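Protein chains: 4
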Amino acid sequence: MVNREHPRKLDVAVLGATGAVGQRFIQLLENHPWFRVAEVVGSSRSASRPYGEAVNWVLDGSAPESAANLIVKPLEAALTSPLVFSALPKEAAETREIELAAAGHVVCTNASANRMVVDVPLLLPEANAEHVRLVDIQREKRGWTTGAIIANSNCTAMPVVMALAPLRQFGIKRIFVVSAQAISGAGYPGVASLDILDNIIPYVSGDEDKLETEPLKMLGALDGDSIVWLDAAVSAACNRVPVVDGHLVNVSVELAARPTMVEIIEAWETFRGPEPVPQLPSAPEKPVQYLPQIDRPQSRRDRNAGNGMATSVGRLRECALLGYKFAALSHNTIRGAAGCSILNAELLAVTGYLADFQPATAVYSAQ
Amino acid sequence: MVNREHPRKLDVAVLGATGAVGQRFIQLLENHPWFRVAEVVGSSRSASRPYGEAVNWVLDGSAPESAANLIVKPLEAALTSPLVFSALPKEAAETREIELAAAGHVVCTNASANRMVVDVPLLLPEANAEHVRLVDIQREKRGWTTGAIIANSNCTAMPVVMALAPLRQFGIKRIFVVSAQAISGAGYPGVASLDILDNIIPYVSGDEDKLETEPLKMLGALDGDSIVWLDAAVSAACNRVPVVDGHLVNVSVELAARPTMVEIIEAWETFRGPEPVPQLPSAPEKPVQYLPQIDRPQSRRDRNAGNGMATSVGRLRECALLGYKFAALSHNTIRGAAGCSILNAELLAVTGYLADFQPATAVYSAQ
Amino acid sequence: MVNREHPRKLDVAVLGATGAVGQRFIQLLENHPWFRVAEVVGSSRSASRPYGEAVNWVLDGSAPESAANLIVKPLEAALTSPLVFSALPKEAAETREIELAAAGHVVCTNASANRMVVDVPLLLPEANAEHVRLVDIQREKRGWTTGAIIANSNCTAMPVVMALAPLRQFGIKRIFVVSAQAISGAGYPGVASLDILDNIIPYVSGDEDKLETEPLKMLGALDGDSIVWLDAAVSAACNRVPVVDGHLVNVSVELAARPTMVEIIEAWETFRGPEPVPQLPSAPEKPVQYLPQIDRPQSRRDRNAGNGMATSVGRLRECALLGYKFAALSHNTIRGAAGCSILNAELLAVTGYLADFQPATAVYSAQ
Amino acid sequence: MVNREHPRKLDVAVLGATGAVGQRFIQLLENHPWFRVAEVVGSSRSASRPYGEAVNWVLDGSAPESAANLIVKPLEAALTSPLVFSALPKEAAETREIELAAAGHVVCTNASANRMVVDVPLLLPEANAEHVRLVDIQREKRGWTTGAIIANSNCTAMPVVMALAPLRQFGIKRIFVVSAQAISGAGYPGVASLDILDNIIPYVSGDEDKLETEPLKMLGALDGDSIVWLDAAVSAACNRVPVVDGHLVNVSVELAARPTMVEIIEAWETFRGPEPVPQLPSAPEKPVQYLPQIDRPQSRRDRNAGNGMATSVGRLRECALLGYKFAALSHNTIRGAAGCSILNAELLAVTGYLADFQPATAVYSAQ
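Residue numbers (numbering that gives the first Met the number 0), protein chains in the order written: chain A, 0 to 366; chain B, 0 to 366; chain C, 0 to 366; chain D, 0 to 366.
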């Protein structure tokens with residue numbers, strides 16, 4: 000059993016705290032049962048100023064009081080928090096995250112810089128909690144004791160992997176994905192309004208490559224000390240759309256076992272992920288929900304399902320080319336970014352990877 | 000040689016003239032070199048009122064003066080115009096269009112009701128001008144002399160067919176299409192703003208079926224007195240997006256001949272359609288233009304290319320599943336509806352199918 | 000002291016339950032500490048069907064389970080719930096609401112039909128809780144015992160009145176209002192997307208009249224058995240804008256006492272409304288919050304302040320014509336409609352106007 | 000009589016040519032009957048590259064071929080074109096525009112830097128063509144021979160001044176303006192999409208000040224060698240809205256002469272501006288058009304009236320505070336920026352202020 004409360008909260012730092020995803024970390028960590036934001040790290044422009052002044056808060060309302068009073072630290076500052084969440088841009092992330100891990104911090108990162116490094120778990124607890132064991136490999140190989148680096152995936156890969164994870168049992172062979180991605184996926188200021196109002200842009204820099212690789216690692220199996228990627232072919236086309244939050248994907252999939260539609264829907268509806276994932280504080284009751292209406296999921300109406308942590312799937316129907324097609328949607332800055340990173344940290348906590356902090360005795364066991 | 004001016008303009012009627020596509024007909028026919036709107040036909044609610052009063056003009060500006068003063072006729076009224084453009088809803092179109100054709104009118108329709116009838120050409124001049132000869136079959140079979148019915152395609156099929164027509168030479172085997180369709184495609188009032196602002200709807204009633212069938216007829220070959228459909232598999236997924244005009248499609252295609260990207264782009268850029276199509280008044284200079292920028296075509300910025308009659312294609316790249324993928328865009332109520340119907344009528348005129356009205360001596364010849 | 004929980008919940012009915020505001024009632028009443036939706040009333044099209052099937056849910060997610068299973072009753076059905084919330088269209092509301100009140104029901108209505116009737120309180124608890132006493136006049140005059148009818152205001156009047164109520168102490172003389180109103184204010188299907196995407200419509204049917212009268216009644220004082228309207232001149236201009244929720248108003252105001260900006264901001268920030276209003280379950284902690292940022296309030300970012308029940312004010316500055324100007328924002332379907340009606344009912348409960356149901360001993364006293 | 004064609008076109012330079020307004024200059028000057036873009040000037044980042052490569056074209060379609068091949072010159076480059084259009088940012092404009100005028104160039108600028116300088120005409124030909132004579136003062140005072148600097152107004156001031164100019168005859172006393180401004184008014188990248196999608200921002204930096212001063216200078220009278228400002232009080236509130244192009248204003252106005260609504264509408268409809276303004280190539284047939292529909296003007300539907308050069312006015316009605324209120328709309332980057340600057344240059348040409356270039360013998364005369 001996982002305790003949802005813990006007598007003492009663990010100090011955490013947020014890197015890139017003034018950016019759009021950084022703000023989402025701050026927002027989601029407000030009142031977190033286990034973690035407490037103790038340090039915020041920003042650019043040189045923000046450093047030494049109170050967070051509440053330095054941040055141009057782009058989410059609803061204002062920055063939470065508790066974070067607003069923290070003084071922003073510069074990127075190179077030594078940190079005291081054992082756990083670090085990173086919303087750094089790729090370039091800044093590449094070396095700094097490794098340095099922090101080497102210095103003993105557990106770094107849960109949303110940056111793409113280290114995602115595809117062989118010993119870095121691309122962790123999505125419901126789908127691949129067992130990948131957390133790569134941390135042991137990491138520590139052994141790199142000579143780290145308490146430090147580690149754990150990544151979450153690209154925000155558009157998220158609804159694809161969440162929808163496909165329950166279907167692995169049927170043998171995934173080929174995947175076709177076309178996305179409709181919200182503007183918040185590009186950060187702030189990100190997409191210029193003149194580029195997206197009354198417009199669709201059939202291009203998102205770098206995301207097609209990520210969509211064609213990250214899911215294969217995420218849906219792969221831990222074999223000894225490495226991940227064996229899923230053996231499937233993926234083709235992705237990415238579009239930016241005038242939607243604030245929520246990445247919607249049209250997916251076609253070929254399944255070796257040729258299940259019925261009823262079997263597929265049951266696989267989604269009963270999917271919970273392995274123990275103890277469903278008991279983690281940020282885990283949604285149903286990671287995947289199937290919507291029976293003919294015109295769902297919809298970006299605005301379904302992005303907040305399960306506090307933004309549930310993936311909504313709908314419109315399962317036959318595909319003349321691959322067998323089945325459907326639509327799936329995840330909130331891109333919650334489930335697809337900060338929320339997933341926090342869930343990853345919760346899994347690390349209960350599986351003993353956060354030194355001196357284990358809010359529950361349960362140790363994850365893949366069996 | 001086709002004369003772009005004609006000493007006498009042909010009277011035309013517009014059915015469903017007060018609807019969104021009907022208005023586009025009225026707008027595009029204003030100052031047309033060959034045709035003159037002489038009759039407007041509307042619902043019983045509009046009948047007997049001046050068009051300018053009856054119409055809730057949803058396009059830019061106001062209804063053209065000349066049309067504004069016409070008195071709206073009821074649907075069942077006998078018409079005097081030899082040529083009739085129909086923007087009727089499907090149900091109203093089904094019988095009325097046939098009645099008018101039987102009464103001697105040439106009916107160019109945007110309605111879906113009769114599109115898939117075997118002897119009705121689903122005409123797109125640049126792609127299948129030879130299909131116009133089905134009119135001979137029609138007349139013979141049905142005992143019509145001057146009457147005929149000619150359909151244009153679904154508005155989302157348009158960018159697919161325009162982009163694929165130049166590629167037929169390479170042998171089209173399989174097609175994957177995911178659309179991002181503008182709200183004007185649903186007419187007026189059509190999509191409720193509460194359904195589409197800050198939202199994507201992964202469903203457009205009926206359009207996936209149309210996308211999986213109409214292109215095969217349109218890209219088919221006239222063989223004797225019928226069309227042999229293109230032998231290709233199509234899978235389509237349709238989405239409604241918050242864009243005013245312009246249907247964008249993400250297309251993947253398998254081509255038997257495995258052409259290079261250079262060959263494909265050249266096929267698009269040099270595509271003009273058969274003579275005398277390029278000389279028709281509404282024909283764009285380039286029916287298909289390839290945009291080299293990495294993020295084009297875009298709905299708002301490219302929908303008006305060639306006065307809304309050109310299809311823009313971009314982002315040609317390899318597809319891990321089918322060989323190639325690209326994005327294509329057509330203006331849905333111009334090229335995808337009223338503008339195509341007018342171009343169809345222009346082709347009928349020069350090929351002698353409009354009795355007593357042939358603005359040019361040139362007769363279409365498929366060779 | 001008001002108990003926020005009550006041993007037994009009061010059955011309530013929702014009229015017009017399938018409409019946009021009706022849905023908001025259903026959503027806000029889910030898990031209400033005092034009230035329980037026992038009856039849902041809809042149009043003849045919906046009647047006799049389970050609510051979950053009859054409703055086209057336009058809010059986020061889906062209709063709450065508990066309401067989904069209720070069978071929709073026709074408008075003319077006799078009701079058993081002592082308390083009735085009405086989201087009826089004006090025409091339907093006019094007679095039906097009076098009939099229900101005459102039959103003993105307390106009717107809290109969002110409809111405009113009876114708002115300006117002399118003995119009907121146009122109730123906004125923080126601003127004019129004392130108006131609740133008009134119910135005594137109503138009952139006496141009309142011979143009702145347990146029945147009553149209480150209205151909430153037009154949704155655009157709401158941010159105006161909420162922002163001005165704390166300023167009454169300074170003597171309000173003239174008011175200039177220009178609105179930017181969200182599409183949800185027009186119900187569903189309401190505004191056609193073709194009318195509002197990439198567009199502003201400088202007209203909202205009927206709202207300018209309401210804005211120029213309702214605030215004067217709401218800000219008026221109970222004098223004996225009637226309300227003496229505020230003696231102020233109002234000019235309003237209304238605009239529909241492409242925003243989902245949230246009505247923003249630009250207000251200029253002339254204040255007789257010529258307070259300083261500091262005094263005005265203090266009046267807003269300290270405003271709570273009279274006892275026991277701040278203790279009601281749906282009352283926000285701060286009914287009016289002043290935002291110091293130069294570019295707030297903003298429709299999307301501030302509409303959900305205080306669970307949609309707080310009004311955000313900002314940009315207080317001098318006005319060359321009237322003295323001061325500022326911007327104010329309220330969530331139009333929560334504070335401006337269903338949420339206010341529920342707060343009204345809560346006030347009725349604690350002040351003893353709901354027969355046999357008084358969740359607290361405190362009786363409102365205007366002294 | 001003004002010749003609309005001229006045997007030789009005058010070379011012009013565009014400063015800030017790669018920005019959003021600079022692009023609009025390039026677009027509007029394509030095929031101009033009198034002027035020919037010979038030089039494009041950009042930032043150091045763009046300098047020495049072909050314009051077509053350096054520019055990130057944000058308008059529809061692509062940069063015109065002719066301009067695309069010009070090599071971008073750096074800001075400090077000496078120019079050969081006698082006429083210079085400036086779309087520079089304020090800071091860059093301040094000194095460079097004066098230097099160019101001193102060097103003999105006629106500079107028509109959209110920048111705000113020099114607008115309120117006493118001897119710089121804030122020119123709007125239909126409203127204040129006589130202000131062009133300030134150029135004589137300028138030249139005399141500053142010792143310039145062929146050089147001059149002429150400004151056009153802020154883009155939001157435009158619909159206000161265009162709507163009020165025909166009403167000067169009635170004696171304008173007080174003006175209340177609330178704007179709804181398009182995103183293109185902020186240039187590119189300008190407004191971040193996260194700031195404006197599904198949102199209204201009740202703040203536009205600097206524009207309220209401009210709205211409260213520029214119209215008074217523009218509507219002022221030339222008296223000897225200076226402009227006597229209109230003696231009226233103005234209060235402005237500015238809002239940014241999710242609209243691509245078109246600034247809409249809600250205006251209330253007090254008119255000393257208390258004209259009837261019929262008289263006001265007639266004043267608008269018959270307004271043409273003084274000779275020879277109506278004959279200038281870029282002058283719209285009707286500078287101000289009154290729309291009788293109850294819900295017009297609308298940003299999207301009316302911004303392109305008169306090729307973007309006409310101002311649309313509607314909803315004239317009584318105002319309880321000032322007498323009358325109405326809505327007005329101008330295209331902000333055409334009439335409100337580049338288009339006005341070009342019209343200004345056309346007026347300079349026919350009135351003899353462009354040395355050696357006078358496409359018509361007509362000299363403007365204010366009488």
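Note that the Cβ used here is the ideal one computed from N, Cα and C, for glycine as well.
In this text, all values refer to a predicted model and were calculated from it rather than measured experimentally.
Between Glu253 of chain D and Lys324 of chain D the beta-carbon gap is near 10 angstroms, outside 8 angstroms, which marks them as no contact.
Partner residues in the beta bridge of Pro73 of chain D, as assigned by DSSP, are D:Gly41. Within the model, the alpha-carbon separation for Leu321 of chain A versus Leu315 of chain A is close to 13 angstroms.
For Arg35 of chain C, the closest of C:Asp10, C:Val54 and C:Pro165 by C-alpha to C-alpha distance is C:Asp10. Nearest Cα to Cys154 of chain D within the set D:Asp355, D:Tyr352, D:Leu346 and D:Ala327: D:Ala327. Contacts with chain A at 8 angstroms (Cβ-Cβ) do not include Ile148 of chain D. Taken atom to atom, the span from the alpha-carbon of Arg271 of chain C to that of Pro286 of chain C is near 6 angstroms. Closer than 7 angstroms at the C-beta level to chain C, one finds these residues of the segment 164 to 178 of chain D: Arg173, Phe175 and Val177.
In chain order, Lys89 place their CB closer than 6 angstroms to the CB of Ser111 of chain A, counting only its own chain and leaving out the 5 sequence neighbours on each side. Counting only runs that start and end inside the segment 123 to 211 of chain A, the beta strand (DSSP E) elements of at least 3 residues fall at 147 to 150 and 171 to 179.
Listed in chain order, the non-local C-beta contacts of Pro165 of chain D below 7 angstroms within the same chain comprise Ala266, Trp267, Phe270 and Val287, local neighbours out to five positions each way being set aside.
Taking C-beta atoms under 8 angstroms as the contact rule, Ala231 of chain C and Leu215 of chain C qualify, at a distance of about 6 angstroms. Between Ile148 of chain D and Glu96 of chain D, the C-beta gap is smaller than 8 angstroms, which places the two residues in contact. Chain order gives the chain A residues near Leu196 of chain D as Ile182, Ser192, Ile195, Leu196, Pro241, Val242 and Val243, where near means a beta carbon separation below 8 angstroms. Gly305 of chain A has a beta carbon lying at 8 angstroms or more from every beta carbon in chain D.
Not one beta carbon of chain C lies nearer than 8 angstroms to the beta carbon of Gly189 of chain A.
Only Pro201, Tyr202 and Glu211 from the segment 201 to 214 of chain B bring a Cβ to less than 8 angstroms from some Cβ of chain A. A straight line joining the alpha-carbon of Ala67 of chain D with that of Ala319 of chain B spans about 36 angstroms. Spatial neighbours of Arg167 of chain B in its own chain (CB-CB distance under 8 angstroms, excluding positions within 5 residues in sequence) are listed in chain order as Leu218 and Leu229. For Met260 of chain D, the CB contacts under 6 angstroms within the same chain, skipping 5 residues up- and downstream, are Leu315 in chain order. At a cut-off of 8 angstroms, the C-beta of Asp355 of chain C has no neighbouring C-beta in chain A.
Rounded to the nearest whole angstrom, the C-alpha separation of Ile70 of chain B and Pro49 of chain B is 4 angstroms. Taking 8 angstroms as the cut-off between beta carbons, the residues of the segment 52 to 64 of chain B near chain C are Val57, in sequence order. Chain order gives no chain A residues near Ile264 of chain B, where near means a beta carbon separation below 8 angstroms; the closest approach is about 16 angstroms. For Asn153 of chain A, the nearest beta carbon of chain B is not closer than 8 angstroms to its own beta carbon. DSSP places Val261 of chain B in the uninterrupted alpha helix (DSSP H) bounded by Met260 to Thr269.
In this structure, Leu290 of chain C lies away from Pro124 of chain C, with their beta-carbon atoms at least 8 angstroms apart. In terms of CA proximity to Ala100 of chain D, D:Thr145 leads the group D:Thr145, D:Ser329 and D:Asn113.
Assignment of Tyr323 of chain B by DSSP, reduced to helix, strand and coil, places it in the strand class. Looking at the DSSP output, Gly313 of chain A sits in a beta bridge with A:Leu290 and A:Ala326. Per DSSP, the continuous alpha helix (DSSP H) segment holding Val349 of chain A begins and ends at Gly338 to Val349. Chain A has no Cβ within less than 8 angstroms of the Cβ of Arg334 of chain C. With a threshold of 8 angstroms between beta carbons, Ser225 of chain C makes no contact with chain D.
A Cβ-Cβ distance of about 5 angstroms is found for the pair Leu193 of chain C and Val57 of chain B, placing them in contact under the 8 angstroms criterion. For Lys216 of chain A, there are no neighbours in chain B by C-beta distance under 7 angstroms, as the nearest C-beta there is about 16 angstroms away. Going by DSSP, Glu253 of chain D is part of the beta strand (DSSP E) stretching over His246 to Leu254.
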